[in-house]
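In the order they appear, the protein sequences are chains Y and U. First residue of the first sequence: 305, per this note's numbering; consecutive thereafter. First residue of the second sequence: 305, per this note's numbering; consecutive thereafter. Take a look at the structure set out below.
There are 2 protein chains.
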Amino acid sequence: MLKVLKFGGTSVGTLERIQNVANIIKDIKDDGHDVIAVVSAMSGETNKLLEYADHFSSNPASPEIDMLLSSGERVTSALLSIALNDQGYLTTSMSGREAGITTSDAHTKARIENIDVTNMRNAISDGKVVIVAGFQGVTSNGRVSTLGRGGSDLTAVAIAGAIKADLCEIYTDVDGIYTTDPRIEPKAKKLDMISYDEMLELASLGAKVLQTRSVEMAKKLNVNLVSRSSFSPETPGTLITKEENIMEKPVVSGIALDRNQVRVGLYSVKDKPGIAASIFTGLADANVNVDMIIQTVGVDGVTDLDFTVPKTELDTTKKVMAHFVNDAKKIDYNEEISKVSIVGVGMKSHAGIASKAFQALADENINIRIISTSEIKISMIILEKYSELAVRALHEAYNLDK
Amino acid sequence: MLKVLKFGGTSVGTLERIQNVANIIKDIKDDGHDVIAVVSAMSGETNKLLEYADHFSSNPASPEIDMLLSSGERVTSALLSIALNDQGYLTTSMSGREAGITTSDAHTKARIENIDVTNMRNAISDGKVVIVAGFQGVTSNGRVSTLGRGGSDLTAVAIAGAIKADLCEIYTDVDGIYTTDPRIEPKAKKLDMISYDEMLELASLGAKVLQTRSVEMAKKLNVNLVSRSSFSPETPGTLITKEENIMEKPVVSGIALDRNQVRVGLYSVKDKPGIAASIFTGLADANVNVDMIIQTVGVDGVTDLDFTVPKTELDTTKKVMAHFVNDAKKIDYNEEISKVSIVGVGMKSHAGIASKAFQALADENINIRIISTSEIKISMIILEKYSELAVRALHEAYNLDK
Chain Y
305 MLKVLKFGGT SVGTLERIQN VANIIKDIKD DGHDVIAVVS AMSGETNKLL EYADHFSSNP
365 ASPEIDMLLS SGERVTSALL SIALNDQGYL TTSMSGREAG ITTSDAHTKA RIENIDVTNM
425 RNAISDGKVV IVAGFQGVTS NGRVSTLGRG GSDLTAVAIA GAIKADLCEI YTDVDGIYTT
485 DPRIEPKAKK LDMISYDEML ELASLGAKVL QTRSVEMAKK LNVNLVSRSS FSPETPGTLI
545 TKEENIMEKP VVSGIALDRN QVRVGLYSVK DKPGIAASIF TGLADANVNV DMIIQTVGVD
605 GVTDLDFTVP KTELDTTKKV MAHFVNDAKK IDYNEEISKV SIVGVGMKSH AGIASKAFQA
665 LADENINIRI ISTSEIKISM IILEKYSELA VRALHEAYNL DK
Chain U
305 MLKVLKFGGT SVGTLERIQN VANIIKDIKD DGHDVIAVVS AMSGETNKLL EYADHFSSNP
365 ASPEIDMLLS SGERVTSALL SIALNDQGYL TTSMSGREAG ITTSDAHTKA RIENIDVTNM
425 RNAISDGKVV IVAGFQGVTS NGRVSTLGRG GSDLTAVAIA GAIKADLCEI YTDVDGIYTT
485 DPRIEPKAKK LDMISYDEML ELASLGAKVL QTRSVEMAKK LNVNLVSRSS FSPETPGTLI
545 TKEENIMEKP VVSGIALDRN QVRVGLYSVK DKPGIAASIF TGLADANVNV DMIIQTVGVD
605 GVTDLDFTVP KTELDTTKKV MAHFVNDAKK IDYNEEISKV SIVGVGMKSH AGIASKAFQA
665 LADENINIRI ISTSEIKISM IILEKYSELA VRALHEAYNL DK
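In structure tokens form, the structure reads like this:
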């Protein structure tokens, strides 16, 4: 098998941990697999370099930030290569450029445009373990570029897709994807498998193990992704794959919690055509991500409008809403809310999933303020203080601890 | 004028010092010059990275060491670029590769083979200050390489030669070349000018400001070199140039002291043809640099042979000499010696220079054990304890404090 492995900053955070990663690769190599390892900078390095830059400028040029930051991954790749080589394995480090990764010109947030796998394929044919400095590539101008947040994950997935690897394993300090956050529900179980779409819903809803961009790319390139831990490499992790590969489709795979939402309420909205459209166009123009929307018309004909936006975009939202103060009797913002979601591909073919959720929350006297559903997800806005209780109730209602 | 500046590890050792370097470049730019700055890694960085590598292997592969170490200069180049840019100057950092530097395949001690100045010339035409990560290039295989000790100086001189710069200024923590070591003779004077050949004699004899390789390259490429200090940029420094550019040729330019020699003495060497040749061939084969040689035949026909080797090569020398123990009555090694040298292009056309040196040392009752002379140099082996006294006596004898 050809495996692409990715080790994040925590997994290579000290010299001892780099040695540990070398041991993981050694075991995989000894099992007869070919290996391309993608590495991040040692944890703390990138922030240190950014602080250095900050010392000189509040607005440093992005190509220079890329020159600066890309050095961190190069150091890790060389060190890991030296460590493995010392144990008798043929190795070679590669910068993003040497790995054949070309990107767009958008420095600090470049998009991978192409990967010429010749160098990597030749090294693999020579029996070498290839160790790629993640998070970076080179623009058409020949300048080094970086991929932004989650860039090393993206590098690994894109390489796995380009070189048609059998597996792409993302090593973090968490040993897989759980049915819900184990800090909230200790009975949470690790999933063996999950579909790309479920993972996307869970990731965007707050399960922070895998970056949304990487899962999207894995889905697009049909890369079998594994989330596992470099701290307990004996644990198999969770496979993220296409739905067709999952034999027994669970009705519900997991419960996600997102505390980063604000509920915006407009009461007694004037009966003026197109008012909702104007509001949402205004928010879209200001790059505010509106998530859930509900509009209610009372028996007296009075209309209320509710929606949620991320807490980080509250200030922008308030500025946009200032144009609409005369269109409603009252506008208020409630930060004391959270969003719980039930995710599962099996929902498509099962009836009664939603009613079980509503019943479970009702049994705990938790009011649902907004509901939105998609093919594989049901999301509910509740008061923030009931978050943990709701997660545990739903986890139990769908027997996720079994 | 197009100036190539080089700033070593101490000059960029902290964020404050990088800011200081930015200010130096700013002033030069404001005077209307074009600037290419070559930078080293922040002092301490390279050693830190080597210690990291040492943690994993006692014998790391040299291409990986190059990948590792080259990151240090990249960081400095980006930071300096950000600092200058923030003050309103157009800048661009360049790795060795981006600066067009191709080298031999000898990783960790590569030779510069070619510099394609297109990128640098274009950036200069665009009004940019170019900041090059020193000490590195790229091999014909496309892998990053480093140039070994003094590599950033070499980078600067080679760029100055390739792009036909008017001046190459090497900034260190010393403000130029002195008539002798000011720690030994406080009356030592800074020289305004010195020829390449004199500088080479002074450098190889122990004046450690400029690496011999860089001066040799400057001579070959006809680059006007300036040695000056980043800590007192208002001081003009010393120009190292070709002899023809120096109007008033001083008889003696400086006095050098080298404590790193061992005198090897062979007493009553057997009258066997070719014995000296065998010894020196043996030492040459073992890569021992024999410096000064004297052979004396006494009235009784007994031959003594004396020569000096660097202290660092004493063990190897002893191993070679073990083959010759039966060819002399006695072989001894004296580490308690030092070599003082008088250097000056004017010697060529002046008589009586040597006798003045012998007289000056005789006046202080200092015995000269070995003498060797070249066109522009007289070297003398004396007992180590007289080193400082000899330097001061010679400095005064040639009026170097005037």
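We put the beta carbon where it would ideally sit given N, CA and C, even for glycine. From a predicted model like this one, the values you see are computed outputs, not experimental measurements.
Spatial distance of residue i from residue j (CA atoms)
i: V442 (chain Y); j: E417 (chain Y); result: 10 Å
i: Q440 (chain U); j: L504 (chain U); result: 24 Å
i: V542 (chain U); j: I419 (chain U); result: Sequence inspection shows Thr at residue 542 (chain U); the Val mentioned does not correspond to that position. One C-alpha to the other measures close to 27 Å.
i: S397 (chain Y); j: D334 (chain Y); result: 19 Å
i: G404 (chain Y); j: A464 (chain U); result: 32 Å
i: R378 (chain U); j: K689 (chain Y); result: 49 Å
i: R425 (chain U); j: I340 (chain U); result: 10 Å
i: T406 (chain U); j: P367 (chain Y); result: 23 Å
i: K634 (chain Y); j: S362 (chain Y); result: 40 Å
i: C472 (chain Y); j: V421 (chain Y); result: 16 Å
i: A410 (chain U); j: S449 (chain U); result: 8 Å
i: N351 (chain U); j: F584 (chain Y); result: 57 Å
i: L704 (chain Y); j: P486 (chain Y); result: 12 Å
i: R415 (chain Y); j: E402 (chain U); result: 21 Å
i: E349 (chain Y); j: G438 (chain Y); result: 14 Å
i: T476 (chain U); j: K310 (chain U); result: 8 Å
i: T395 (chain Y); j: A326 (chain Y); result: 11 Å
Which listed residue (the options) has its alpha carbon closest to that of residue i
i: T314 (chain Y); options: Y:T616, Y:G431, Y:F535; result: Y:F535
i: A387 (chain U); options: Y:F360, Y:S385, Y:L394, Y:E377; result: Y:F360
i: L693 (chain Y); options: Y:V339, Y:S642, Y:V649; result: Y:S642
i: A522 (chain Y); options: Y:S533, Y:I481, Y:I405, Y:A469; result: Y:A469
i: L687 (chain Y); options: Y:I670, Y:I675, Y:Q391; result: Y:I670
i: K615 (chain U); options: U:R567, U:E402, U:E502, U:Y393; result: U:R567
i: E552 (chain Y); options: Y:E640, Y:M651, Y:E489, Y:K623; result: Y:M651
i: D430 (chain Y); options: Y:I675, Y:Y393, Y:V316; result: Y:Y393
i: G446 (chain U); options: Y:P367, Y:A590, Y:G400, Y:R321; result: Y:G400
i: G648 (chain U); options: U:L506, U:E639, U:E473, U:D667; result: U:L506
i: R673 (chain U); options: U:S572, U:V325, U:E640; result: U:E640
i: K623 (chain Y); options: Y:D589, Y:V644, Y:G656; result: Y:D589
i: D706 (chain U); options: U:A492, U:T621, U:I467; result: In the sequence as presented, Asp is not what sits at residue 706 (chain U); that position holds Lys. Here the closest residue by C-alpha is U:A492.
i: S533 (chain Y); options: Y:R517, Y:N549, Y:K494; result: Y:K494
i: A466 (chain Y); options: Y:L514, Y:S531, Y:K307; result: Y:K307
i: V436 (chain Y); options: Y:S444, Y:L514, Y:S344; result: Y:S344
Burial state of residue i (16 or more Cβ within 10 Å)
i: N593 (chain U); result: exposed
i: Y637 (chain U); result: exposed
i: T459 (chain U); result: buried
i: N526 (chain Y); result: exposed
i: H627 (chain U); result: exposed
i: D479 (chain U); result: buried
i: A632 (chain Y); result: buried
i: R563 (chain Y); result: exposed
i: H654 (chain Y); result: exposed
i: K432 (chain Y); result: buried
i: M625 (chain Y); result: buried
i: M723 (chain Y); result: There is no way to answer for residue 723 (chain Y), as the model of chain Y reaches only from 305 to 706.
i: N389 (chain Y); result: buried
Chain-ordered chain U contacts of residue i [CB-CB under 7 Å]
i: H359 (chain Y); result: L319
i: S375 (chain Y); result: S375, R378, V379
i: S397 (chain Y); result: E368, M371
Where residue i meets chain U, residues with beta-carbon distance less than 8 Å
i: L372 (chain Y); result: R378, V379, A382, L383, I386
i: Y356 (chain Y); result: L319, V379, L383
Under 8 Å by beta carbon: chain Y residues contacting residue i
i: N389 (chain U); result: S361, P364, A365, E368
i: E402 (chain U); result: G446, R447
heavy atom of the ligand ZN below 7 Å from residue i C-beta
i: T318 (chain U); result: Although the ligand ZN was asked about, the structure shown includes no ligands whatsoever.
Listed by chain order, chain C residues near residue i by CB distance under 8 Å
i: L451 (chain U); result: Going by chain labels, chain C is absent from the structure shown, which instead holds the protein chains Y and U.
Listed by chain order, chain U residues near residue i by CB distance under 9 Å
i: E323 (chain Y); result: For clarity, residue 323 (chain Y) is Gln in the given sequence; the question names Glu instead. Those within 9 Å of Q323 (chain Y) in chain U are H359, F360.
i: L353 (chain Y); result: V379, A382, L383
> Should the segment 369-389 of chain Y be called in touch with the segment 378-387 of chain U, which here means at least 3 C-beta pairs below 8 Å?
Replying inline: yes
> How do the segment 682-700 of chain U and the segment 644-662 of chain U stand: do at least 3 beta-carbon pairs fall below 8 Å, yes or no?
Replying inline: yes
> Between the segment 610-622 of chain U and the segment 582-598 of chain U, do at least 3 Cβ pairs fall closer than 8 Å?
Replying inline: yes
> Would you call the segment 691-706 of chain Y and the segment 546-566 of chain Y touching, i.e. three or more CB-CB distances under 8 Å?
Replying inline: yes
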